[in-house]
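Here the structure is laid out as C-alpha cells; the discussion comes afterwards.
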Amino acid sequence: MLLRHIRYLLAVAEHSNFTRAAEALHVSQPTLSQQVKQLEESLGAPLFDRSGRSVRLTDAGQAYVAYARRALQDLEAARRAMHDVQDLSRGSLRLALTPTFTAYLAGPLLSRFNQCYPGIRLSIEEMTQDRLEAALAEDRLDLGIAFAGEHLAEIEPQDLFSETLSLVVGPQYQAREQEPLDAAALGRQSLALLSGDFATRRHIDLYCRQQGIAPCIAIEANSVSALVEIVRRGQLVTLLPSAIAREQPGLRALALASPLAPRSVVLLGRRGAYRSAACQAFRQLLEQDYGAANH
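For the sequence shown, the positions run 1 to 295 when UniProt numbering is used.
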C-alpha cells in the first residue's frame with residue numbers, strides 16, 4: 001500500500017493537479033485524494049498546499065518527495081535485479097544516444113549486440129544530452145552515449161573514443177579548392193548544418209568564430225538523416241563526424257587545413273545504479289569495439 005501512496009504522491013507533484021494526476025494514473029480523483037490524505041495523516045504533516053488554483057508541495061512535501069523518488073527508483077532497480085538472468089538468455093536494456101551517433105554508431109553496435117544477445121530486449125531513444133542525463137538521473141535509462149563535459153552530479157562518465165568532424169560532401173560535389181581547405185575556402189562553401197540546439201552545431205559555431213569566418217548557411221535542419229540526404233543529392237556540404245562519411249554510401253570527408261578540435265565520446269550511467277547483466281554485457285561490447293584502445 002505504501003508503494004501505491006508514493007506513486008500517487010509523485011504523480012500529483014509532477015502534474016500539480018489532482019485531476020490530471022488521476023487521469024495519468026487511471027484512477028478516480030476522489031480515490032487519489034483519499035490515498036494522498038492517508039499518507040499525510042500517517043506522516044503527521046500536509047504534503048500539498050491546496051489553497052491556490054494549482055497544487056504545490058509544502059516544505060515538508062518537498063523534503064519527503066526527494067527521498068520518496070529515490071526510494072521508488074531503488075525498489076524498481078531491485079525488481080529488475082530479481083528478474084535479471086545472468087546467462088543473458090533474457091533481460092532488457094534501456095539506452096539513449098545523442099543524435100549524431102545514430103547515423104554511424106547505432107546501426108553496427110546495436111546489430112552486433114542483438115546478434116550476441118538475441119534474448120535481450122533493447123529500448124533505444126535519441127535525445128539531447130541534457131534530457132539524456134536527466135533521464136539517467138531519474139532511472140528512466142540504463143546507459144547513454146554522449147560527449148564529455150560538465151555532467152550532473154549523479155552521472156558517471158566512462159571514456160570511449162574521440163570523434164572528429166570533417167567537411168562532408170556528396171557525389172555531385174566538385175572541389176573548387178586545393179585540398180585540404182583553409183578557413184577562407186570553408187567560408188565560401190554553401191553549408192547545410194544542424195540547428196543551434198545541437199551540441200555539434202555549437203561546436204561548429206565556436207570553430208568558425210575561432211577561425212574568423214562567417215559560415216554561409218543555406219539550410220538548417222534538426223535531423224542528421226535529413227542533412228545526409230541533402231548533401232548526398234546536391235551541391236551543399238556539411239560539417240559532421242567523419243565516421244558518418246565512412247558509413248553512409250555516396251559521402252566522403254574532405255580534410256580541413258585547421259581541423260576542428262576532437263570531442264571525447266563517453267558512456268554515461270547513473271552513479272551507484274544497479275548494473276544488470278545486460279548492462280554489463282553492453283558496456284563490455286562497447287569497450288571492446290569502440291574503446292579508447294581501439295581508436
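Every residue gets a Cβ at the ideal spot worked out from N, C-alpha and C, and that includes glycine. Being a predicted model, the structure only gives us computed values, none of them experimental.
The DSSP-derived three-state label of I6 is helix. With a threshold of 16 other beta carbon atoms within 10 Å, A245 meets it and is buried. Here A281 is actually not in contact with A77; their C-beta atoms are around 17 Å apart, not less than 8 Å. Counting along the chain, E125 sits inside the beta strand (DSSP E) bounded by residues 120 to 126. DSSP, reduced to helix, strand and coil, places L236 outside both helices and strands of the structure shown, so it counts as coil. At the C-beta level, V224 and T100 come within 9 Å of one another. Considered as a whole, the region 160 to 193 harbours 183 to 187 as its complete alpha helix (DSSP H) runs of no fewer than 4 residues, in chain order. Here A45 carries a coil assignment [DSSP, helix/strand/coil]. For F147, the uninterrupted beta strand (DSSP E) run begins and ends at 143 to 147, by DSSP. Straight-line measurement puts the Cα of G119 at about 38 Å from the Cα of A253. Residue environment: T19 is assigned as exposed (fewer than 16 neighbouring CB atoms within 10 Å of its CB, all protein chains considered).
Bounds of the beta strand (DSSP E) holding I219 are 216 to 221. From the listed residues Q288, R121, T31, the smallest Cα separation to R94 is found for R121.
When DSSP states are grouped into helix, strand and coil, R94 belongs to the strand group. Put simply, the region 261 to 277 touches the region 151 to 159. At least three CB pairs are less than 8 Å apart. Per DSSP, G52 lies in no alpha helix (DSSP H) and is assigned neither H nor E. Comparing alpha carbon positions, the residue from I124, P180, A63 closest to L256 is P180.
Below 8 Å, too few C-beta pairs join the region 232 to 251 and the region 130 to 149 to call them touching: fewer than three. When the Cα atoms are used, L39 and A134 turn out to be separated by approximately 28 Å. In terms of Cβ geometry, L186 and Q210 do not form a close pair [threshold 9 Å].
Taking every protein chain shown into account, the CB of T98 has 16 or more other CB atoms within 10 angstroms, so this residue is buried. In this structure L32 is in contact with Y8, their Cβ atoms being roughly 6 Å apart against a cut-off of 8 Å. Around A45, the same chain offers A60 as residues with beta carbons nearer than 7 Å, after the five sequence neighbours per side are excluded. A Cβ-Cβ distance of about 27 Å is found for the pair G149 and L251, leaving them out of contact under the 8 Å criterion. Per DSSP, the continuous alpha helix (DSSP H) segment holding G107 begins and ends at 106 to 116. Here I213 carries a coil assignment [DSSP, helix/strand/coil]. For S92, the closest C-alpha among the options A277, D289, R270, D197 is that of A277. Distances from the CA of L105 to each of Y207, Y67, A243, S16 were compared; the closest alpha carbon is that of A243. Under the three-state reduction of DSSP output, E154 falls in the coil class, being neither helix nor strand.
Rounded to whole angstroms, the separation of the alpha carbons of P215 and L165 is 15 Å.
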